[in-house]
Structures are given as C-alpha cells and as structure tokens.
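Numbering (the working numbering), first residue to last: 518 to 1267.
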C-alpha cells in the first residue's frame, strides 16, 4: 500500500516490498547508521562485481532458485534478500517441483562466503528484520502447524520455537518486538499479537473486526510497524497502537503506515452493496489529521536531515502534516507508478518515460531527463550524490541528483535474466538479485553522508551544464553550522560552506584552522588537512552570504573535533533558529602548503567527514581559560538536573580533579580535567559535572567532580555499577550527592 516520506532519517521505516536495512558497517572500525536505501560508500565511478552467488552452490537439482526469505512471498517465487549489515540472508528452493525443501542461507557481505544455512519450508518465511540479533521466521506447511522459529543471525542456530495460530498470515518486527497477524474468515476478524522472539504474544493479543469492509483477495498481507502504530492490510485493514493494541481504525478497506507521520486507512461508509472508501490520515497519536482523495506516493528512500518533509501525494501536491497544500505541480509523466525519493532538498519522481527532480520546498522543476528509463519494478538507491537504479535495458545506471546527467552505467551480470529481480542496499554497497544469481557491488569512493542539499559540488558530474572552474578567493569562505552532535569521542559539526567571491573558491591547504565560538564562549578549534581532497566551492550569484545562497552555491561537510579540540557540548550551546545555529561564529584561517589554487566543481569527491589533525588556538584567550569556562558552563547546566533527579541518592563517582593535583603520573589542569570529563561524558549514560563547593558532602570546595547519573538506594548498588562497567576502585566508588547531608557516611569504596 501507500507509504509516505520519512521525516527523521535516523528512524526511517521501509515501504512495502523494499529491501530491509539494519546495522551498517564500513571498511574502517566506524559504524554509521544511514537511512534505508542509502549505501554506506559512494560510487563516483562504475563499480565492478565484488562477488556473485549461484543457487546451485547451496542446493542440488536443476530447478534450484533464489527466492525471497520473507514470509508471504515464496509462493510467488519472488526473489529478494535481507540485509543485516555483515550478512546477506537469502533463501534457496527447488521450484517447479512438488518439493517443499527450502534453505535459508547467510552470505558474508564482504566476501560472499557462506556463513551458515538452515532448513526452512516453502510455506514459511521470515520477518522483515532482526530483534536482539535474532531473525524470527515462520515454519509452516502452507498453514498447517505453523511455528515461529527464531534464528541467531550470528551462526544460524535456533534460539527458540513457539506455536502460532493456524491462521497466521503475516509477521513483522519493529520497536524491538515481534508482531504477528492471523485472519479468521469465519469470525470475520484479525488477531494481532506483540511479543518477543521467544514468545510472540508476550505483550498483548487482540482481535479486530473485518466484517463490514473486509475487501481484498487476501493473496498478500502487509503487516508494518512505524511511529508507534501497527498497520495490517489484506482482507480489509486495521491500525492499532503498538503500546497496547488499542484500536485506531478497524474494519477498513485497507491500511498502511505513513512513516514519520502516522498511518492512512480506507474508511468505509454506506452499505455492503455500495461502499464508499475515503482515505483518512491519522497522526501517530491516533487522531485524525485529514482526509484526501489522493494517495501518498510510496518512496524508494528518504535521505535528508530535514524534520519538516511534506507528504508527497499522487495528485502532484505536497501537503503539510495537517493536510494543507504546501505546493502543487503538474504530473509530467502520467505513468508514475509509486516512484518517489527524497535526497537532501530534492524530490525525485520516476516513471516509465522520464525521471524528474523537484525542489522540496517549492515544487519547482530542478531537472528532467529521459536519457535512462529507471524502471519502477525495482527500487532506487543513493550514495548521497547520485541516484542508482536499473534501466529498461538491464543496465545499472547512476544519475546525478544535482542535474540529472548520467554519471556512469554498467551492465548487470549475464545470467541475471529472470524477470523477478530485487535491487537494494546491502553491506557497504548494493545487491542486484534474481532467481538465478545474487551480485554484490562495492563502493568506489569514500563513505557516504546524508546531504542537507543537492548541488553540483556534492560530487555529481556537470557535463550537462559545462564545467565550472574556480580559483582561489582572497577572503575566507562563510561557514554556517547546520547540525552539532557528539559521538563517543568527538564533537561533530555539520557546516554549509559558501564562497565569498562570486567566482567560487578552493580550500586545499594542509593546515587549515577552523575555530568555533558561541558568543564569547569558545566551542572548538582544530586543524584540518584539505590537501588530499580539496574542497571546491561553486560560483555564487554575487558573492552571496551563506544564509541566502541557493542549494547549488554551497557545499556541506562534516567536521569531527576529537576530545582535546573542543570545549562545549551541544546541550550548553545557544539554540537553533531557521535551520542553523544562529549565534555560532566560525573562523577559517589557512596556512601551510596548498596542493592546488584552481579547481573544477565536482572534480574532487568530497569526504563525508573531515577528521582534525590536531588542536588549534581558540578564538579568544587560550586553551586553559577555554577549558575553565567550559567546566563552569557544564556544571551550571547540570546543576538543576542533579538537584532534581540525583540529589540525596547514591551514584557512582568517576573522578575528582582540581588544578595542581598530582595524580596518575601528571599534574592536572583545567584542560586535562575537561578532557577526562568529556571522555567519560561521551562514554557512560547521563554523566554530570559538579563543583564540589556547591555540595555539602565534599571536604574541599574547589574540585571538579564527575558522576554517572544512575541512582541507587544504597551504596552497594553504585559499587555494583562500577564493577559491571569494568572500573577499578580508584576510578569509581559510591557517593551520596547532597546539599544537606554531612560528609560523614557519604562515601563508600570497595
């Protein structure tokens, strides 16, 4: 059924029939979650096949074929696979025979090697994903004696088995739980359950009516979980809250999730001889948002950091979440068959005769191309700069999202002649699968990233509009932060960068200092090396400022400031306004040696994330004064939550430091204390900073105290936390935090 554009990329749900994506990995030790439909690496040039798999390698007989491992697809001999990060899970069966033999196989995503296989049944199948490292599957001889069998994805062993209703028609995972659906035609009702991989009904089980509006053939059931709602469609439909199974809508003609928004259902009215069906849209709360005759276009992927993505409708309109029309544009291809994608600030619509890109904000035409007819039978994927899909001529093609030009094309492998194919992301790259083979394609460029906007400087070719040459500008470009977050060891600042010269700019120095401040407070300062991958900034209308630059006049880049090069965390900074951190000032100073003074926009494939090579001087003062200011800001920001949530309770104390203290082989200062605190803050849950003079339980008034914000009724609980986290007695002990308790009895060590 119909699905909508996802508003938050971190929790993107999948459209029906799309390839499932879970934990992703890169060639380095870094693990990054990206939206479903987005490859981990980029493809600036055509890839070669990394490995292929043949079904006859896993099952004997001339009719051995790959089939979809998901439940409900095998009887149609549909092909498919599940991407679980380091493995591709497929199924092999003997087709065109009376055999019920099926095997699940797990292939290493990088090498294609078989890691495990397990017997299955032709009438069974698996859920669309994993829970707790376990893949729940249904084993059934076409409805007889169905069981849920949960496989450990690591080695294929069976974790548990559970009996299911003989009328089970669907299984899905979401929110860390397993959902199943059963249909009783004689009762005219569905039964939905929510549970664990060991007990599918451990949370709840509830029946829903389909008597009035139970339309549909029942050949296929879609059970999907998104935004706190579970939707089922097959013979009629139902929408329920995942928390307790309470009804949002039942006895509907159909139902489908609208990820990032809620759900939609066909509400029936009239009598059984003449039913009227009205598409009705529900917020995630279950409240009715609006009704509309148009459907929400299904999506291949949504790769955008924006939180206000409208619903793209089949009638050419984009609607806000209250149903009001944001913009309207004529359909340029009447044969659009559910083919919408969002990349940055662009909406891509593909049909049988053209592919069109529209501006997400206004609906205006960005570009249209018919050079390659991207078929609607398989999904598009993206690497953040290009749209990658299959043409009607069975070629894999990459089209620039910036201008619609062809970046590269390559033929699929010769033996993939089946009309049943599946194309989607897996591992670091993408997989093209048919009944006769599975082929993995690895990236040819650096790691991908979700773009804020799409422009020719995102790595796309510019053949259609001519090369855009730039020379070194005499003044530094403008850096505007659009996002500031932390990972386990650094501050990551996403910035939109715009040249101050109309003719563009190039950053190519091996010593580029970037410093950031929030008003008078230093935030971060580090040195970056652009010499290996110069940053080429496109022409601007008239040397426009970053805030007014169009999407094609700026470049977005992530900058990673490791501990020792930043002082403030995002929760201590001024708030965002208009999509940017409005009080943040960024200064850029180039020195050292430059590898280039001229360049061509799109010539250099940009790194998704720039890593600092060392610390730089802060904008004001020095590193020691910046560290003191940061410590005081953190303690001030943490004070209210400590008083309301942690005071007069036992917590683990992780550190106590003051300038001049000699411990652990060094003399501590504010900079060292801040670095230690930030390392702990980014590693353990709810770490907080105290100034000892503000609390009555410390004997000295001038120590910076780091605590973990987990509370216990007694000191032994806090000490147990220390042991469980591998911290020795010198680096973790129990402390009662209080402003009224005496020092005596407020500390316990092991």
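Think of the CB as a built atom: it goes at the ideal place given N, C-alpha and C, for glycine as much as any other residue.
Item: Identity of the residues DSSP links to residue 923 by a beta bridge; Value: 916
Item: Host beta strand (DSSP E) of residue 1039 (start-end); Value: 1038-1045
Item: Assigned secondary structure, residue 1249 (DSSP; H/G/I helix, E/B strand, else coil); Value: coil
Item: Ordered list of beta strand (DSSP E) runs contained in the region 934-974, each at least 3 residues; Value: 938-943, 946-951, 955-958
Item: Cβ contact check for the region 575-586 and the region 919-930: 3 or more pairs under 8 angstroms; Value: no
Item: Cβ-Cβ separation, residue 901 to residue 965 (assumed contact under 8 angstroms), whole Å; Value: 4 angstroms
Item: Residue 606 versus residue 820 - alpha carbon distance; Value: 24 angstroms
Item: Assumed close pair residue 774, residue 749 - CB separation to whole angstroms, cut-off 8 angstroms; Value: With a Cβ gap of about 10 angstroms, residue 774 and residue 749 do not count as contacting.
Item: Closer than 9 angstroms to chain C by CB, residue 1250; Value: The structure shown contains no chain C, having only a single protein chain.
Item: Helix, strand or coil at residue 1232 [DSSP, three-state]; Value: helix
Item: The region 586-605 contacting the region 985-999, beta-carbon criterion three pairs below 8 angstroms; Value: no
Item: Straight-line gap, residue 1027 to residue 1048 (C-alpha atoms, nearest Å); Value: 5 angstroms
Item: Between the CA atoms of residue 1236 and residue 1264 - distance to the nearest angstrom; Value: 11 angstroms
Item: Assigned exposure category for residue 1188 - 16 Cβ within 10 Å defines buried; Value: buried
Item: Reduced DSSP category for residue 1167 - H, G, I as helix; E, B as strand; rest coil; Value: strand
Item: Residue range of the alpha helix (DSSP H) that includes residue 1140; Value: 1140-1158
Item: Pick from 1112, 814, 665, 783 that is closest to residue 805, judged by C-alpha positions; Value: 783
Item: Where the beta strand (DSSP E) through residue 1199 begins and ends; Value: Here residue 1199 belongs to no beta strand (DSSP E); instead the alpha helix (DSSP H) covers 1187-1200.
Item: Span separating the alpha-carbon of residue 622 from that of residue 816; Value: 29 angstroms
Item: DSSP three-state assignment for residue 762, whether helix, strand or coil; Value: coil
Item: Option in 723, 688, 726, 707 with minimal Cα separation from residue 714; Value: 688
Item: 7 angstroms Cβ shell around residue 570 - same chain, five flanking residues per side excluded; Value: 624, 629, 954, 955
Item: Beta-carbon proximity list for residue 1107, same chain, < 6 angstroms, skipping 5 on both sides; Value: 1026, 1029
Item: Boundaries of the beta strand (DSSP E) in which residue 817 is found, first to last residue; Value: 816-820
Item: Beta-carbon contacts of residue 1251 that lie in its chain and below 6 angstroms, excluding the five residues immediately before and after; Value: 1167, 1232, 1235, 1236, 1265
Item: CB of residue 1171 within 9 angstroms of CB of residue 1254, strictly; Value: no
Item: Reduced DSSP category for residue 1001 - H, G, I as helix; E, B as strand; rest coil; Value: strand
Item: Identity of the residues DSSP links to residue 700 by a beta bridge; Value: 707
Item: For residue 1262, the nearest candidate out of 995, 862, 1013, 1216 (CA to CA); Value: 1216
Item: Minimum C-alpha distance to residue 565 - residue among 1247, 961, 1145; Value: 961
Item: Whether residue 1144 touches residue 1191 by CB criterion (9 angstroms); Value: yes
Item: Neighbourhood of residue 719 by C-beta, 6 angstroms cutoff - its chain only, sequence neighbours within 5 removed; Value: 712, 713
Item: Residue 751 in three-state terms, based on DSSP; Value: strand
Item: C-alpha gap between residue 1043 and residue 558, whole angstroms; Value: 26 angstroms
Item: Segment limits, beta strand (DSSP E) that includes residue 669; Value: 661-669
Item: Residue 701 versus residue 681: straight-line alpha-carbon distance, rounded; Value: 13 angstroms
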